[in-house]
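Numbering (my numbering), first residue to last: 52 to 308.
Here it is, written out as structure tokens:
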């Protein structure tokens, strides 16, 4: 265990276009995620190494500056970290993709038309159910395995899935194109890359961690109940010593209003 403690400072100048761009904000509102999805960047003061990810995350959620900043980020969140965090659960998320070709199989398996239109399918309870939703959620379906296990684990796919499933009052798109476009925009803003001087090959330098924080009463962040659409990711740039907390709280209503 490292002897030092990580300290963090918010970087308000690091803003994200997907939270400001009129067209993207309109889509996020349509997907019932506006005011419930956020991204905030902090600087930190020591070298980040993969083996100390748990300590890094625990120091983050115990940092007074971080806690104060998160309370004001989404003021309607029901659990504003009022109690001290006593533990964290950290799950590394693979993040290596630098192109959108991960989604090419969707066009070859009768999930999408060549134009990007999503193929509908019969569902007794949900008349708007389609094969894209089936591929994302139904592990027993043939469509689920169109994208392989390793690719499904990638942060790029996780982000795409979160946007496609949306919030509690999500209005789903008939075409995949808005999802693909928004996924690309957010991914490019959250992830840092570098080009090798000799080979000119571009690679991802960010480390992505899916995180949950717990106080003495149990899970407190993000949210107190488990839901796939309530999530928090820490995206660490070890070169700049920046970390971005990207999160969403499933529910109804605009928290920032």
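Glycine included, every Cβ here is placed at the ideal spot set by N, Cα and C.
Helix, strand or coil at residue i according to DSSP, with G and I counted as helix
i: residue 117; result: helix
i: residue 234; result: helix
i: residue 58; result: coil
i: residue 184; result: helix
i: residue 66; result: coil
i: residue 275; result: coil
i: residue 307; result: Note that residue 307 scores a pLDDT of 49, beneath 50, so its modelled location is shaky and nothing firm can be said.
i: residue 151; result: helix
i: residue 52; result: At residue 52 the pLDDT is 48, less than 50, meaning the model places this residue with poor confidence and gives no usable figure here.
i: residue 294; result: strand
i: residue 143; result: strand
i: residue 203; result: helix
i: residue 162; result: coil
i: residue 247; result: coil
i: residue 112; result: helix
i: residue 299; result: strand
i: residue 226; result: strand
i: residue 80; result: helix
8 Å contact criterion, which residue i and residue j should meet: CB distance rounded
i: residue 200; j: residue 282; result: Their Cβ separation, rounded to whole angstroms, is 19 Å, which puts residue 200 and residue 282 out of contact at 8 Å.
i: residue 250; j: residue 91; result: Not quite, the Cβ-Cβ distance comes to about 34 Å (not below 8 Å), so this is no contact.
i: residue 206; j: residue 144; result: 5 Å
i: residue 136; j: residue 112; result: 4 Å
i: residue 198; j: residue 181; result: About 16 Å separates the two Cβ atoms, so there is no contact after all.
i: residue 62; j: residue 93; result: 6 Å
i: residue 83; j: residue 220; result: 4 Å
Beta carbon of residue i nearer than 8 Å to that of residue j
i: residue 59; j: residue 116; result: yes
i: residue 202; j: residue 153; result: yes
i: residue 139; j: residue 108; result: yes
i: residue 167; j: residue 301; result: no
i: residue 149; j: residue 186; result: no
i: residue 134; j: residue 267; result: yes
Residue closest to residue i, alpha-carbon to alpha-carbon, out of the options
i: residue 65; options: 161, 89, 77, 187; result: 89
i: residue 179; options: 261, 288, 216; result: 216
i: residue 232; options: 181, 208, 97; result: 208
i: residue 157; options: 121, 150, 196; result: 196
i: residue 278; options: 188, 222, 237; result: 188
i: residue 70; options: 204, 164, 234; result: 234
i: residue 236; options: 110, 210, 85; result: 210
i: residue 102; options: 73, 260, 80; result: 260
i: residue 151; options: 72, 120, 238; result: 238
i: residue 55; options: 73, 110, 287; result: 110
i: residue 275; options: 97, 264, 285; result: 264
Proximity test, residue i beta-carbon vs the ligand SAM heavy atom, cut-off 7 Å
i: residue 88; result: Among the ligands in the structure shown, none appear at all, so the ligand SAM cannot be discussed.
Is the number of C-beta pairs between the stretch 250-262 and the stretch 225-233 that are closer than 8 Å three or more?
no
Below 8 Å, can you find three or more Cβ-Cβ pairs linking the stretch 237-248 to the stretch 277-292?
yes
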